[in-house]
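Letter by letter, the sequence shown follows residues -21 to -1, 1 to 182 in mature numbering (1 follows the signal peptide of the UniProt record, and there is no 0).
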Amino acid sequence: MPFRLTVVAAFAVFVPLAAQAAGSESLSTGGQGGQGSLGINEAIRAGEARRGTSLSSGPVGSLAPRSEYAKFPVYVGNVGDKQVRLRVGPKTDTRDSLQGEYASGDGKGGVRLLSGEWNEGAFLMEESDDGTRVSGNWEGRIDQSGAVSGTWTDAFNPAIVLPFFIRPLGGYLVIPPFDMRPSSGVTYAPPVPKSSISIGNSR
């Protein structure tokens, strides 16, 4: 099934894909008194040490940037300690939604596809590192400037949760701020064509 965002009523929390087995670092209390070769405190420290080192613990896909996204507006920021650059544009067939791609670091590791939506200040987005499976979930809030902050969760290992912050670059907002005050001087994504809105279509 092609990668796409599933719209869920009231922005229900995404259910991550089944986590990969933790291998030799699995949590175990071992012998008597809860003392084993890897106790709970060691496991917590090991988990904390892994945070921020990778944007996915699953097998890494390698997608080339898509030409149709090359002219999309740019957002920049961080996921954990990694710098990210997103190219996102409004979907033509769904209100309050976006699509695009992003690269982390120097961008040499390829891109990940993005599909997201927002409603009353809440923001949800999925990413895919191979164009089919979900590799990460973004959940956050939009501020008055159109910047988005929240948490990124690894779909392969939900224990890995990183903070993220992204903001528009160049003044063009694909993700409108929650507080859309009149005369704010903010530009917004173009409205969805009327032809794409069908009567009785639920959001």
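Don't be surprised by glycine CBs; every beta carbon is placed ideally from N, CA and C.
Does the contact criterion of 3 or more C-beta pairs under 8 Å hold for the region 121 to 141 versus the region 65 to 76?
No: fewer than three Cβ pairs fall under 8 Å.
Let's test the definition: count the other Cβ atoms within 10 Å of the Cβ of residue 190 and tell me whether it reaches 16, buried, or not, exposed.
Nothing can be reported for residue 190: it is not among the residues displayed for the chain, which extend from -21 to 182.
Where do the N-terminal and C-terminal ends of the beta strand (DSSP E) with E80 fall, by residue?
Its beta strand (DSSP E) spans residues 76 to 83.
When the Cα of E105 is compared with those of P147, W117, K50, D85, which residue comes out closest?
Among P147, W117, K50, D85, the Cα nearest to that of E105 belongs to W117.
Just to confirm, is the Cβ distance from V127 to I139 under 8 Å?
Cβ atoms of V127 and I139: not closer than 8 Å.
Check for me: the beta strand (DSSP E) holding S114 runs from which residue to which?
Here S114 belongs to no beta strand (DSSP E), and DSSP marks it neither H nor E.
Return the first residue and the last residue of the beta strand (DSSP E) that A42 is part of.
Note that residue 42 is Leu in the sequence shown, not Ala. From DSSP, L42 is part of no beta strand (DSSP E); its letter is neither H nor E.
In its own chain, which residues sit with a C-beta less than 8 Å from the C-beta of G84, not counting the 5 before and 5 after it?
Closer than 8 Å at the Cβ level, and outside the excluded window around G84, lie K61, Q62.
Ordered along the chain, which non-local residues of its own chain (more than five positions away) have a Cβ less than 6 Å from that of R64?
Only V55, A82 meet the Cβ criterion.
With DSSP run on the structure shown, which of helix, strand or coil describes E99?
If DSSP states are grouped into helix, strand and coil, E99 belongs with coil.
If distances are taken between C-alpha atoms only, which option among G95, T71, V90 comes closest to R41?
It should be pointed out that residue 41 corresponds to Ser in this sequence rather than to Arg. Of the candidates G95, T71, V90, the one whose C-alpha sits nearest the C-alpha of S41 is V90.
Taking 8 Å as the threshold (C-beta atoms), are E80 and F157 in contact?
Cβ atoms of F157 and E80: not closer than 8 Å.
Looking at C-alpha atoms only, which residue of K70, G88, N57 is the closest neighbour of Y48?
Ranking K70, G88, N57 by Cα distance to Y48 puts K70 first.
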